[in-house]
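Trainee: For reference, the structure I am asking about is given below.
Numbering (my numbering), first residue to last: 1 to 144.
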């Protein structure tokens, strides 16, 4: 089911890294109480938005792969993993159900922080953790 929703996971060539990306998603789904990734909203800021987190994540990942393919000095697997996981913390920040709201945890901890924490917990490379942690406003002052 996860690979059906996010087939770009299969484009990560390193078996170990691919497995860790899958493990992070499965843990986030379980901890957040999500059964279907298509139910996770992309954002709570735009009411009635028809795009979900899967749509957004796939678009970001395809764009990131295009950048990685154009730049020979980027590790493609790292870029793909970071793009796939950049918003994984939203599975903890938002709560499932018809009322699109933040969870109690999400009111305290934003998704770049929780996503980076999950990535560290599952042993993803520091570069992937950096992509997750620095992709939103939390990363505006981060040197790259």
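Glycine included, every Cβ here is placed at the ideal spot set by N, Cα and C.
(1) Whose C-beta lies closer than 6 Å to the C-beta of residue 133 among residues of the same chain, with five residues either side of it excluded?
(2) Would you grab the beta carbon distance between residue 90 and residue 40 for me? Rounded to a whole angstrom, and I think it's under 8 Å.
(3) Run through the DSSP bridge pairs and tell me what residue 101 is partnered with.
(4) Report the residue ranges of all alpha helix (DSSP H) runs contained in full by the segment 22–92; include only those spanning at least 4 residues, in chain order.
(5) Alpha carbon to alpha carbon, how far is residue 1 from residue 74?
(6) Report yes if the C-beta of residue 113 is less than 7 Å from at least one heavy atom of the ligand MG; otherwise report no.
(7) Would you check if the distance between the CB atom of residue 24 and the CB atom of residue 108 is smaller than 8 Å?
(8) Taking only the alpha-carbon atoms, compute the straight-line gap between residue 63 and residue 6 and give it to the nearest angstrom.
Mentor: So, from the listed chains and residues:
(1) So the qualifying residues of the chain are 112 and 116.
(2) Cβ atoms of residue 90 and residue 40 come within 8 Å of each other, at about 6 Å.
(3) 95
(4) 53–70 and 76–85
(5) 29 Å
(6) Among the ligands in the structure shown, none appear at all, so the ligand MG cannot be discussed.
(7) no
(8) 14 Å
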